[in-house]
Amino acid sequence: MDQQHIRNFCIIAHIDHGKSTLADRLLELTGALSAREMMAQVLDSMDLERERGITIKAHTVTLRYRTKEGEEYVLNLIDTPGHVDFSYEVSRSLAACEGALLVVDASQGVEAQTLANAYLAVDQGLELVPVLNKVDLPSAEPDRVREQIEQVIGLDASDALTISAKTGAGVPDVLEALVERVPAPRGNPDAPPRALVFDASYDPYKGVRCLVRVVDGILTVGQGIRFMGVDREATVEELGIFTPRAEPARELATGEVGYLFAGLKDLRLVRVGDTVTDNLRPAAEALPGFLEAKPMVFAGLYPADSSAFGELREALERLSLNDSAFTYQPDSSQALGFGFRCGFLGLLHMEIVQERLEREFNLELITTAPGVAYRVLTSAGDVVEVNNPAQLPDPGIIETIEEPLIHATILTPDSHLGAILKLVQERRGEQVKLEYLSRGRVLLEYRLPLAEVVLDFYDKLKSVSRGYASLDYHFAGYREGDLVKLDLLVNGDPIDALALIVHRGNAYLKARSLAAKLKEMIPRQLFEVVVQASIHNRVIAREVVKALRKNVLAKCYGGDITRKRKLLEKQKEGKKRLKRLGRVEIPQEAFLAVLKVDT
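No gaps in the numbering here: position 134 of the sequence shown is 134 in the numbering used here, and each next residue is one more.
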């Protein structure tokens, strides 16, 4: 295909603004799938994507489109996720494109991730085509949303397309706009080949599948190639495109997007953002890659049955092959036995991974409370990264503890401004910006500790704003904090899996809430169970689970009082012995209780 007749584009938008539905209509109009093969959100292939109505992984598809003038074009579409946890997928997809459809809900208007994704696209130098979706809704206000796009994003929206992806109205104009407004890919077809690896997954039969965008030159089957970043040589075994079915091809030319198999059997051998070049005629310079996705949230995953540890390890290995942002390492807990400390991009990413492990591998798991990675400076001058509270060094050698910060962007109607300001202040937020964007629309920017956000901040934000506020955030470095380790003890034994690192100002309330919650969750035993919360071996909260009491005097009808005392003393001694020897089982609900504690 002539390079001038190729258009590489992606669809970016806030969550639930209609990206996947618009992709469906584009597939229909270009004849990529027959009416019999079509279904809603056809590119969302995972069961979890379809059930939750969200896109988790970016998907690519090559469309063939004939214009009104009869010219044939190849449109390479990349459908991207909208949730903030998967924004790294968006940034990788943008690197493979020259243009983007910026889809905005005509009733809800510009939201936080509309803004964040638009800025990402502008930074990459992409041509943005604004599209107002859902104009068929009675609440749609396209003129107001056009004004918002111009004021908030700074993008000319006078020629924004008005469509309904659900009904298909106006969608043919989107295809024409892509051909007219999105530039053709730049690149030298005669230069040594350079292809950007923008995603990778694992096929159990063929090995690692790399999604590539050819920037210069041509890749052909049988060609010797080299991955420049990891300096690894291989041979191209298969090339192809998605239509959306995988369709093998003899070559991928300059500007084209497709997949590549090179006989690699381990996903860790391929780095997303790497450059593929010819082994004999290599390119002089690699393409600029992008930052590796770094886990932000950490939690322990343990098998409910300790004998299933091997199955869990195998499941994590297989799952990590298709998710390069997910990390894991062996861990052990006195309370839960052997398991793994896993790193995730956010709480939704953690839920998705846990649900896939339980569904696809039939595992029963215990998940500990999620936390973040802290930087600890010791008196010896060492800097230690701690993502598990149980591994925090002794307080006597800690000089400072630094906590990760995020820069949060919140868009909200001004009627909910007071409640949101109260919420972010409770979470130790520092205001960076407060700006009225348009009638009744406010933009807030705050620096917040990540630990205050990962658990329930998003739910609380939606609750206090009645669902109207939207949130986007990115990592903003570290800051020294007055942080302490909060230990939870059951009958004097610390439960390391329930330990937390908290701000000293919130420690007492958190301890009281946790101890009370655990008292509710731990089933009553034949002996008294004492639940305590402590900081540096000083107990700051205490609750008692009363013992179940058998009535040993039931058969004593009158008689000498000493007989009754003897029976009660015997029962008392038995309870003491049980307390020394008895083991309290901590149910899974107790670990989840940490998530539900209000401070």
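Built from N, CA and C at the ideal position, the CB exists for glycine as well. Just so you know, these numbers come straight off a predicted model, no measurement behind them.
Nearest to residue i (by Cα), restricted to the options the options
{"i": "residue 159", "options": "473, 129, 148, 18", "result": "129"}
{"i": "residue 238", "options": "5, 212, 254", "result": "212"}
{"i": "residue 16", "options": "28, 76, 108", "result": "108"}
{"i": "residue 246", "options": "190, 287, 273, 210", "result": "210"}
{"i": "residue 393", "options": "326, 77, 483", "result": "483"}
{"i": "residue 433", "options": "444, 20, 391, 507", "result": "444"}
{"i": "residue 376", "options": "353, 14, 397", "result": "397"}
{"i": "residue 320", "options": "279, 283, 270, 332", "result": "270"}
{"i": "residue 191", "options": "284, 265, 532", "result": "284"}
{"i": "residue 214", "options": "78, 276, 221, 346", "result": "276"}
{"i": "residue 28", "options": "13, 243, 189", "result": "243"}
{"i": "residue 424", "options": "469, 386, 395", "result": "469"}
{"i": "residue 254", "options": "419, 196, 262", "result": "196"}
{"i": "residue 133", "options": "122, 115, 21", "result": "21"}
{"i": "residue 183", "options": "273, 118, 74, 286", "result": "74"}
{"i": "residue 14", "options": "312, 112, 60, 70", "result": "112"}
{"i": "residue 458", "options": "348, 379, 93, 118", "result": "348"}
{"i": "residue 474", "options": "303, 110, 200, 293", "result": "293"}
{"i": "residue 382", "options": "488, 399, 367, 368", "result": "399"}
Other residues of its chain near residue i: CB distance less than 6 Å, five sequence neighbours each side excluded
{"i": "residue 600", "result": "In the structure as shown, the chain begins at 1 and stops at 599. Residue 600 is therefore absent and cannot be evaluated."}
{"i": "residue 230", "result": "271"}
{"i": "residue 175", "result": "65"}
{"i": "residue 328", "result": "316, 340, 342"}
{"i": "residue 157", "result": "130, 146, 149, 150"}
{"i": "residue 556", "result": "564"}
{"i": "residue 333", "result": "496, 497"}
{"i": "residue 303", "result": "309, 312"}
{"i": "residue 494", "result": "487"}
Secondary structure of residue i, DSSP reduced to three states
{"i": "residue 224", "result": "strand"}
{"i": "residue 609", "result": "There is no way to answer for residue 609, as the model of the chain reaches only from 1 to 599."}
{"i": "residue 142", "result": "helix"}
{"i": "residue 454", "result": "coil"}
{"i": "residue 447", "result": "strand"}
{"i": "residue 171", "result": "helix"}
{"i": "residue 597", "result": "Annotation note: pLDDT 48 at residue 597 (below 50); position unreliable, coordinate value reported separately. Coil, per DSSP."}
{"i": "residue 474", "result": "strand"}
{"i": "residue 508", "result": "helix"}
{"i": "residue 393", "result": "coil"}
{"i": "residue 49", "result": "With a pLDDT of 49 at residue 49, under the threshold of 50, the predicted position of this residue should be treated as unreliable, though the coordinate-derived value follows. The answer is helix: DSSP assigns residue 49 an H, G or I state."}
{"i": "residue 320", "result": "helix"}
{"i": "residue 309", "result": "helix"}
{"i": "residue 44", "result": "Only weak support is given to the placement of residue 44: the predicted model assigns it a pLDDT of 47, under 50, and the question is left unresolved by the model."}
{"i": "residue 76", "result": "strand"}
{"i": "residue 332", "result": "strand"}
{"i": "residue 535", "result": "strand"}
{"i": "residue 463", "result": "helix"}
{"i": "residue 71", "result": "coil"}
{"i": "residue 438", "result": "strand"}
{"i": "residue 63", "result": "strand"}
{"i": "residue 158", "result": "coil"}
{"i": "residue 561", "result": "helix"}
{"i": "residue 315", "result": "helix"}
Cut-off 8 Å between Cβ atoms - residues of its own chain near residue i, not counting five sequence neighbours on either side
{"i": "residue 481", "result": "401, 402, 403, 449, 503"}
{"i": "residue 446", "result": "407, 408, 410, 424, 429, 430, 431, 432"}
{"i": "residue 177", "result": "129, 161"}
{"i": "residue 18", "result": "103, 105, 133, 134, 165, 166"}
{"i": "residue 507", "result": "484, 486, 535, 540"}
Other residues of its chain near residue i: CB distance less than 7 Å, five sequence neighbours each side excluded
{"i": "residue 501", "result": "371, 374, 389, 392, 483, 485"}
{"i": "residue 263", "result": "207, 234, 235, 237"}
Cβ-Cβ separation, residue j to residue i (assumed contact under 8 Å), whole Å
{"i": "residue 127", "j": "residue 99", "result": "4 Å"}
{"i": "residue 279", "j": "residue 226", "result": "5 Å"}
{"i": "residue 454", "j": "residue 490", "result": "About 25 Å; that fails the 8 Å criterion."}
{"i": "residue 221", "j": "residue 236", "result": "6 Å"}
{"i": "residue 94", "j": "residue 124", "result": "5 Å"}
Handout entry: Complete beta strand (DSSP E) runs within the region 231 to 298 (minimum length 3 residues, chain order)
Key = 232 to 235, 238 to 242, 246 to 249, 257 to 261, 275 to 278
Practice task
Scan the region 2 to 28 and note each continuous beta strand (DSSP E) run of 3 residues or more that stays entirely inside, going in chain order.
Solution key: 6 to 13
Practice task
Would you list, in sequence order, the uninterrupted alpha helix (DSSP H) runs of no fewer than 4 residues that lie entirely inside the region 368 to 430?
Solution key: 417 to 426
Problem - Runs of alpha helix (DSSP H) lying entirely within the region 486 to 533, each at least 4 residues, in chain order - result: 504 to 521
Handout entry: Any alpha helix (DSSP H) of 4 or more consecutive residues that is wholly inside the region 106 to 145
Key = 112 to 123
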